[in-house]
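Here the structure comes first, spelled out in structure tokens, and everything after it is commentary.
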Amino acid sequence: MFISARREAKTTKAAALELTSTATESLRDMADATEDLGVLAPAAKDTHEHLIESLRAVADGYAAAQDRIESLPDTGFGAAFAAVLAAQIGSKENDVEDLFEDLSSRSEYARALDQDRVCAGVRYMQGN
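Going by the numbering used here, the residue at position 123 of the sequence shown is 188; the numbering climbs one at a time, nothing skipped.
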């Protein structure tokens, strides 16, 4: 029983590390894809640039969380994992979502974001 519980905790930790790694890569891909779109509407330039910076900041937060997650004890891992993510990322993800919403409300960006594979995938995951 004890061995099984330890194995489950290690599996949970491995899954959490995989999740943070995937999130880091996906967010960096999103930043690159958004940057590649270029500024499609002069009035959206600040939002566009801020979105790219924010995506990179959240990606960096996930990357920084990986070492901390790896060193977490197996017992109470779930709560500790949530605390690490909250400390590293906080509400930055909400800011990114708001910025995507702002750009998506502009017809030029809505079309471009829908056509870009990475951005469209993110919008789908966000339920947009």
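All C-beta atoms in this analysis are idealised placements derived from N, C-alpha and C, irrespective of residue type, glycine included.
In whole angstroms, what separates the C-alpha of residue i from that of residue j?
i    : j    : result
Q153 : D101 : 27 Å
L116 : E135 : 29 Å
K78  : F146 : 9 Å
A109 : D97  : 17 Å
Y174 : A80  : 34 Å
L92  : R121 : 7 Å
T99  : N159 : 17 Å
M95  : S172 : 19 Å
G155 : D167 : 20 Å
S169 : A144 : 34 Å
Please check the pair residue i and residue j, which I expect to be a contact at CB under 8 Å, by giving their CB distance rounded to whole angstroms.
i    : j    : result
A124 : V149 : 16 Å between Cβ atoms; not a contact.
A151 : T89  : Not confirmed; about 17 Å, so no contact.
Can you say whether residue i is buried or exposed, counting buried as having 16 or more other CB atoms within 10 angstroms of its CB?
i    : result
S119 : buried
I68  : Interpretation of I68 is limited by its pLDDT of 43, a score under 50 that renders its predicted location unreliable; no figure is taken from the coordinates.
G126 : buried
T76  : exposed
T87  : exposed
T140 : exposed
D179 : exposed
Could you name the residues of the same chain whose beta carbon sits closer than 6 Å to that of residue i, not counting the 5 residues immediately before and after it, in chain order?
i   : result
A70 : Unreliable placement is indicated for A70, whose pLDDT of 48 sits below 50; no coordinate value is reported for it.
For the alpha helix (DSSP H) that residue i lies in, which residues bound it at each end?
i    : result
R121 : K110 to E135
F106 : Before going further, note that residue 106 is Ala rather than Phe in the sequence given. No alpha helix (DSSP H) holds A106; DSSP gives it neither H nor E.
D160 : K157 to S169
D179 : S172 to Q180
G143 : F142 to I154
Closer than 7 Å by C-beta to residue i: which residues in its own chain qualify, once you throw out the five before and the five after it? Chain order, please.
i    : result
V104 : K110 and H113
A177 : L102 and L105
M66  : Here the model assigns M66 a pLDDT of 38, short of 50, so the residue's position is not dependable and the matter cannot be decided.
Starting from the C-beta of residue i, find all residues in its chain whose C-beta is less than 8 Å away, skip the five residues before and the five after it, and write them out in chain order.
i    : result
F142 : A74, T77, K78 and A81
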